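Enquirer: Order-wise, the sequence lines are chains S and D.
According to numbering that gives the first Met the number 0, the first sequence is numbered sequentially starting from 0.
According to numbering that gives the first Met the number 0, the second sequence is numbered sequentially starting from 0.
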Amino acid sequence: MDKLKIYLDGLKSWHPEADFGAMYLNVIAHPKPDLSYVPSALKFSAAFAALFVVLSAGLYFSSLKGSYDSPLSYVFEQESLSGNGPVGYILSE
Amino acid sequence: MKSMKYDFSQVYAKYKDKIWGLISKYAPARHDREDLFQEIFLKVHKNLDRFRGDSDIGTWLFRIAVNEAINFGRKKGRLLKLEQVVEKLNIFKKAQEPEEIEEDIRKWAPLKVLNQKQKLILIMAEVEEIKMSDIAKYMKISEGTVKSNLFRAKEILRKEIEKGGGIYG
Numbered sequence: 000m001d002k003l004k005i006y007l008d009g010l011k012s013w014h015p016e017a018d019f020g021a022m023y024l025n026v027i028a029h030p031k032p033d034l035s036y037v038p039s040a041l042k043f044s045a046a047f048a049a050l051f052v053v054l055s056a057g058l059y060f061s062s063l064k065g066s067y068d069s070p071l072s073y074v075f076e077q078e079s080l081s082g083n084g085p086v087g088y089i090l091s092e
Numbered sequence: 000m001k002s003m004k005y006d007f008s009q010v011y012a013k014y015k016d017k018i019w020g021l022i023s024k025y026a027p028a029r030h031d032r033e034d035l036f037q038e039i040f041l042k043v044h045k046n047l048d049r050f051r052g053d054s055d056i057g058t059w060l061f062r063i064a065v066n067e068a069i070n071f072g073r074k075k076g077r078l079l080k081l082e083q084v085v086e087k088l089n090i091f092k093k094a095q096e097p098e099e100i101e102e103d104i105r106k107w108a109p110l111k112v113l114n115q116k117q118k119l120i121l122i123m124a125e126v127e128e129i130k131m132s133d134i135a136k137y138m139k140i141s142e143g144t145v146k147s148n149l150f151r152a153k154e155i156l157r158k159e160i161e162k163g164g165g166i167y168g
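1. Let me make sure I understand the geometry here. Which of S:L41, S:Y23, S:S12, S:D8 has the alpha-carbon closest to that of K15 of chain D?
2. In chain D, which residues lie with their C-beta within 7 angstroms of the C-beta of F19 of chain S?
3. Cβ of K162 of chain D less than 8 angstroms from any chain S Cβ?
4. Quick test of the definition: if touching needs 3 or more C-beta pairs under 8 angstroms, does the stretch 12-31 of chain D touch the stretch 123-136 of chain D?
5. Starting from L7 of chain S, find everything on chain D with Cβ-Cβ shorter than 7 angstroms and list it in chain order.
6. Just mark E67 of chain D as buried or exposed, buried being the case when its beta carbon has 16 or more other beta carbons within 10 Å.
7. Exposed or buried, R32 of chain D, counting other C-beta atoms within 10 Å across all chains shown (16 or more means buried)?
8. Could you check which residue in D:E159, D:V43, D:F50, D:I39 has the C-alpha nearest to that of W107 of chain D?
9. How is G9 of chain S classed by DSSP in three states: helix, strand or coil?
10. Report buried or exposed for H44 of chain D, applying the criterion of at least 16 other Cβ atoms within 10 angstroms of its Cβ.
11. Please check if any C-beta of chain S sits within less than 8 angstroms of the C-beta of Q9 of chain D.
12. Determine the contact status of L47 of chain D and Y5 of chain D, defining contact as a CB-CB distance below 8 angstroms.
13. How many Å lie between Q122 of chain D and F71 of chain D at the Cα?
14. Is E33 of chain D close to chain S, meaning its C-beta is less than 8 angstroms from at least one C-beta of that chain?
15. I want to see whether chain S comes within less than 8 angstroms of K153 of chain D, judged by CB atoms only; does it?
16. Quick one: what does DSSP say P30 of chain S is sitting in, helix, strand or coil?
17. Run the CB neighbour count on L80 of chain S, radius 10 Å, all protein chains shown included, and call it buried at 16 or more, exposed below.
18. At the level of alpha carbons, what is the spacing between Q115 of chain D and A45 of chain S?
19. Using only the alpha-carbon positions, how far apart do S72 of chain S and V52 of chain S sit?
20. 8 angstroms is my cut-off, CB to CB: does K42 of chain S come that close to chain D?
21. Are the CB atoms of M138 of chain D and V65 of chain D nearer to each other than 8 angstroms?
22. Taking 8 angstroms as the CB-CB cut-off, is P15 of chain S touching chain D?
23. Rounded to the nearest angstrom, what separates G143 of chain D and A152 of chain D at their Cα positions?
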């Protein structure tokens, strides 16, 4: 008889015992993730886009004035003096 | 699209024996087979609510089992390589585990020459007698690929068994 077949028959006949009850309890003891709080990819993208629009609009209409206390405001002021709005670079692209 | 709700306890009751049969041959050491079995059903338990019925529940479950088994085998392989390095360095003397004696590791040794995919296909097809078309579905590969992998696995295994001089089986 083919040695491979004898070998595979040997594996086939091996049936180790299992404590299915204990393993079932171990599995269900793990908490399931609460899916209601997991945003879908679409919801997540929409929320991100809305946040971007709100922040961009806020920045655009903020009419930032320069302050030497804030390097960023200074940059905005210099850009404004050169005729560039805070989001000018983004909108001109 | 069908939308069905499945009860985990019923799914577990229906598939536990089939999954155990497959897993116990794929990862024969007691702690391995128990860990892997529980990892599979843990994933099923966590994702059952999200199962939309696109495929048969059995196919979905076996796909999880196949993925988990291959990942488990790869992780285990890396761990074994690390153990071999440690053994070579002779830092720790590894004691033989009682369960290795109990389960006669010689029986499982030839399978180690196969890669994880070949090993799983061989066990599914030749030991668990799962149909080629089902194995193809579970592994998301073509039936032709299943057959060629199985053929190759059997050739490798045959050579390995002959090399072993009849100590296996």
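Don't be surprised by glycine CBs; every beta carbon is placed ideally from N, CA and C.
Fair warning: this is a prediction, and the values are worked out from it, not measured in the lab.
Expert: The answer reads as follows:
1. What you label residue 15 of chain D is simply residue 16 of the second sequence in a count that begins at 1. Closest by alpha carbon: S:Y23.
2. Taking the first sequence and counting its residues from 1, the one referred to as residue 19 of chain S is at position 20. Within chain D, the residues near F19 of chain S are K15.
3. What you label residue 162 of chain D is simply residue 163 of the second sequence in a count that begins at 1. Taking CB atoms only, K162 of chain D has no neighbour in chain S less than 8 angstroms away.
4. yes
5. The sequence position of residue 7 of chain S within the first sequence is 8, counting from 1. Those are E125, V126, listed as they occur along chain D.
6. In the second sequence, counting from the first residue as 1, residue 67 of chain D sits at position 68. The residue in question, E67 of chain D, is buried, as its Cβ has 16 or more Cβ neighbours within 10 Å.
7. Counted from its first residue, the second sequence places residue 32 of chain D at position 33. It is buried - the Cβ of R32 of chain D has at least 16 other Cβ atoms within 10 Å.
8. Start at 1 with the first residue of the second sequence, and residue 107 of chain D comes out as number 108. Taking only the C-alpha atoms, the option nearest W107 of chain D is D:E159.
9. Numbered from 1 along the first sequence, position 10 holds the residue referred to as residue 9 of chain S. In this structure, G9 of chain S counts as helix in the three-state DSSP scheme.
10. For this step, residue 44 of chain D is matched to residue 45 along the second sequence. H44 of chain D should be labelled buried.
11. Translated into positions along the second sequence, residue 9 of chain D becomes position 10. Not an interface residue.
12. Counted from its first residue, the second sequence places residue 47 of chain D at position 48. Counted from its first residue, the second sequence places residue 5 of chain D at position 6. A contact, by the Cβ cut-off of 8 angstroms.
13. The residue given as residue 122 of chain D occupies position 123 in the second sequence. The residue given as residue 71 of chain D occupies position 72 in the second sequence. Looking at the sequence shown, residue 122 of chain D is not Gln but Ile. So the two alpha carbons sit approximately 16 angstroms from each other.
14. What you label residue 33 of chain D is simply residue 34 of the second sequence in a count that begins at 1. Output row for E33 of chain D: interface = yes.
15. Taking the second sequence and counting its residues from 1, one reaches residue 153 of chain D at position 154. Chain S contact via Cβ: present.
16. To locate residue 30 of chain S, count along the first sequence from 1; it is residue 31. Residue state, collapsed to three classes: coil.
17. Residue numbering aside, residue 80 of chain S sits at position 81 when the first sequence is read from its first letter. Looking at its Cβ environment, which holds fewer than 16 other Cβ atoms inside 10 Å, L80 of chain S is exposed.
18. Sequence index remark: in the second sequence, residue 115 of chain D carries index 116 (1-based). Sequence index remark: in the first sequence, residue 45 of chain S carries index 46 (1-based). Straight-line Cα distance between these residues: approximately 41 angstroms.
19. Position 73 of the first sequence, counted from the first residue, corresponds to residue 72 of chain S. Position 53 of the first sequence, counted from the first residue, corresponds to residue 52 of chain S. If you take the alpha carbons of S72 of chain S and V52 of chain S, they lie about 21 angstroms apart.
20. If you number the first sequence from 1, residue 42 of chain S lands on position 43. Output row for K42 of chain S: interface = no.
21. Against the second sequence, residue 138 of chain D aligns to sequence position 139. Against the second sequence, residue 65 of chain D aligns to sequence position 66. For M138 of chain D and V65 of chain D, yes; Cβs fall inside 8 angstroms.
22. Along the first sequence, read from residue 1 onward, the residue named residue 15 of chain S stands at position 16. Yes, P15 of chain S lies at the interface with chain D (some Cβ there is under 8 angstroms from its Cβ).
23. For the purposes of this step, residue 143 of chain D is taken as residue 144 along the second sequence, with counting starting at 1. For the purposes of this step, residue 152 of chain D is taken as residue 153 along the second sequence, with counting starting at 1. About 14 angstroms.
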